[in-house]
Each structure stands twice: as structure tokens, then as C-alpha cells.
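Here's the structure we're looking at; comments come further down.
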Amino acid sequence: MTASTHTDIIVVGGGPAGSLTAYLLHQAGFSVRLFEANPTVKRKICGEFLCFEGVNILSQAGLSALLEGDGALPGNGVKIVSNTHGVIKSDFPQVKRDEPGGYCLNRQVFDEALLNVTEGAGVMLHRGSPITHLQHQLPGWQVTTQLGATYTCDLLVGADGFRSIVARQLGLTIPAPKKRYALRCFLPTRRKNERVIEMHLLDEGNYIGIDVVEDYCVNFSIVANGDTLKQHGGAEGVIRHYYQTHPVLQENIMLPDPMPPIEAMSPVSHRVKDCIAPDAVLVGDAGGFIEPLTGEGMTIALWTATTLAKQLARCRENRAWHQRNRYLRAYKRQKQWHYFQKSTLAQFLYWFIKQEQAVDQAYRFLSQRPQCQEAFTGVINNTYTPLRGFCALALAALIG
Ligand SMILES: Cc1cc2nc3c(=O)[nH]c(=O)nc-3n(C[C@H](O)[C@H](O)[C@H](O)COP(=O)(O)OP(=O)(O)OC[C@H]3O[C@@H](n4cnc5c(N)ncnc54)[C@H](O)[C@@H]3O)c2cc1C
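Residue numbers (my numbering): 11 to 410.
Pasting the structure below:
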């Protein structure tokens, strides 16, 4: 081991979770190395909507400027289309106060900008350097890149997304069955897009998320189960089927022939037994991926980064680096509670959208009560915690 290849912390993965973790830990005074597998940032399969809570996290980290560039359009509200084609459209609660309720991002631009800010702040960034091997040393870790270079650290942070090599090599991954697929393509629109995200509920618990990318283009993501894909002869068949059977989609979106490239991924899940191991910790999707129906994966990734960074900054202030695993356990407790709330809401909503009659009744209920619609969109974009949101919804229903 040479001094130059050792840092306090190594972060694996330069997505939102890894970049923000590295940035904040460097600011807290740690020496940090960040490894990103790709030489240039790829545009991931993602609905690309950063909800209100995520906007707040970036602002608290002093990084609001990231949302001022070309790759970020303010999102003002949401349009939800029920399985019976009923439409509910409501502004986010912030819009009344003239604030954006969230942002429609171009993930390639956003992830790249966050990575650049991190490097600019002084983090040692290794692009195009996938980590392939981890070895526990007492204390700390040695990581090996694909080209065979080795680096050591006291603490390893796995931020390498939901195919996390770090989680797998730590023995923390729970294998997920390939039941569902996420498909994504970019589609042209007939009219200039409103700054509104869309959620279309389909049959069998399948759904489409639509995010505004540009004035005349949308990010069209669909989550569908494997049986639906088989039934319609693959990704293009599924998209064509739902487009033809859902008239609301045809109002603004165009389906060109030939279809633009469709990207697919499966499984749409990543579960772990634990998010910590001795001298190692997982953030973002690497530490557990939550059903994308609520569209808050990036926000949760940013939340895990700030929560971990706060714990480790305290550890440093208390001159207790030798006791860092105690601070990792405190992070784990906070994360468990946060994930419990988020995943319970996401699982409930996912279960709910499969109850087609109940969805239709919920649509009828909400369509007659505008106050409830606003409370509901407040839950969707994380203005309210699930508990507060449902209290607001119940109150709005009583008043209404
Ligand atoms: C269909 C769908 C729709 C979604 N819609 C939304 C939405 O609207 N809003 C939202 O907030 N979230 C959404 N998400 C979730 C969101 O995309 C993720 O939660 C978010 O990207 C997590 O960030 P991350 O930093 O943890 O992981 P990632 O963004 O996946 O970053 C991980 C990084 O690690 C790198 N890496 C991987 N392996 C290695 C290695 N061995 N060595 C070095 N680097 C490595 C990768 O190249 C990557 O850059 C959606 C997800 C899906 C599937």
C-alpha cells in the first residue's frame, strides 16, 4: 500500500447517490476517491422527474444551480389517467406560491453536472473505471478496477445502482425474479408540452410515466409485467398496444413508424438484506430500489447521501473515526425508517392500481373534489410525507 492510493473513503458509482455522497464527505474534510464505470455519463432508464423533496435536498446542499441549466424544466403539476380513461389534473401545492413543484430533468445532463461539481470541489474522480473486486482488510477495504489498479480506504461506500457489485460482493443482495420490465423511449408530441408530468394507469398493474423533455418531446417510460410483453410480442408491441387502446395518449403524443429506439431493463427491483457491513455502507439504489411508481428514486438516492454524510461528519467532529461503524448503524436506523415509509406507500399504491374497480372509484371520488386532488398531488411529489398527505387528503375530503 502506498500513501497515494489510500483515502479515507472510496465511493463506487457516480450517479446522484455516489456524486452527492462524495461531494458532501469531501466538504466534511475527508479524503475521497470516486469511481464511475462509464467514461461519459449515460442517460439511464428513468422517468426523470425530480420531486419537491429532491429539489429541497439539492438546495440545502447549496447545489440549486444544477437545476438552472438546459437539462431541467420546472414541473408544475401532474395528470393522472385512470384505467377507464378518466383524467385528473392538478397543480402541485407549491405552484400557488410561485415555486416549482419539481423538475423534469435530462438525466444525462444532470448526472454529468453533479459529477463535474463533485470533481471541481476536489474529489478524486476516476471515470471509465469499473470496480470489479473488493477485499476486506482489517481495517478498511481494497478495491480493484477492471484494469487491475488497486486502491485502499478506511470506508467503502457502494453507490453503484441496482445492479450493485458492492452489495453482491458484500453478500447483501437478495436475488429478484425477472417479473417486470421497464421500457423507455423518447416520443414526439403534436403540441407544445405543458409542464406537467403524466401517469397513465393500465391493466394488470402496468403503468406509463410521461415526463416533459423538451417543448415537443417526451420521455415515455412503461413498466409492464413479463406476461404482457409475451402477449404483445415484445417491447414495441406493448407500446403500440397501449397507444392504440388508450385514446388519451393519442391526444398529444405521436408514435412514429419506425419506432424510435426502445431501451429495456429487468428486473425492476433490487433488494438487500442490510445496507451496512463492517467499514462498508450502501447508498441510493444499491441499498434497495423502491417501486418506481412514485417516481422518487433520485430523491431517495440524494436523501441517503445527505443522511450518511451527516452521520460521518458527526463522527469526524467527535474524533471517533475508529468508531465509524457505530455511525453507520445510526445511518442504517434512519434509512430503515425512511425506506419503510416510502416503500409502504409505493407498495400500497402498486397493489391499489391492480384493483381496477377501486381505481375507477378513486378517480370518481377525486374528480369531484379539487381540494383532494391537490392533497393527492402533494403526496405524489413529496410535499407531504405519506402520513401527513393522507391526513390532508382526509381533511380535504371532510371539508369538501
Ligand atoms: C422506469 C423507471 C422510472 C423511474 N422514474 C424516476 C423518476 O421519475 N424520478 C426519480 O426520482 N427516480 C426515478 N427512477 C429511479 C431512479 O432512476 C434511480 O432511483 C436513481 O437513478 C438512483 O440513483 P443512484 O445514484 O443510486 O444509482 P444510478 O443512477 O444507477 O447510478 C449508479 C452509478 O454507478 C455506476 N456503476 C455501476 N457499477 C459500477 C462499478 N462496478 N464501478 C463503478 N461504477 C459503477 C453506474 O455507471 C452509474 O453511473 C425510475 C426508475 C425506473 C426503473
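All C-beta atoms in this analysis are idealised placements derived from N, C-alpha and C, irrespective of residue type, glycine included.
Just so we're clear, the structure is a prediction, and the values are computed from it rather than from any experiment.
Here Trp347 is exposed. Its C-beta has fewer than 16 other C-beta atoms within 10 Å. Contact annotation: Tyr253 and Leu265 have beta-carbon atoms nearer than 8 Å. In this structure, DSSP gives Leu83 an extended state, which the three-state scheme calls strand. Annotation for Tyr161: the continuous beta strand (DSSP E) segment containing it runs Thr160 to Gly168.
Between the alpha carbons of Gln383 and Thr199 lies a distance of about 26 Å. With at least 16 other beta carbons inside 10 angstroms of its own, Gly215 counts as buried. Counting of Cβ neighbours within 10 angstroms places His36 among the buried residues, the total reaching 16 or more.
Taking the Cα positions, Ala177 is about 12 Å away from His143. Nearest Cα to Lys52 within the set Gly24, Asn66, Gly79 and Glu63: Gly24. For Phe45, the distance from the CB to the nearest heavy atom of ligand 1 is below 7 Å.
For Cys382, there is no enclosing beta strand (DSSP E); the residue is found in the alpha helix (DSSP H) stretching over Pro380 to Ile390. Of all C-beta pairs linking the region 102-118 to the region 260-277, fewer than three are shorter than 8 Å, placing the two stretches out of contact. Taken in chain order, the unbroken stretches of beta strand (DSSP E) that lie wholly in the region 219-269 and span 3 residues or more are 227-235. Short of 8 Å from the beta carbon of Leu76, and not among the five residues preceding or following it, lie these beta carbons of its own chain, in chain order: Leu68, Ala82, Phe120, Ala123, Leu124 and Val127. Residue pairing by DSSP places His143 opposite Thr154 in a beta bridge. Between the alpha carbons of Gln118 and Lys54 lies a gap of roughly 7 Å.
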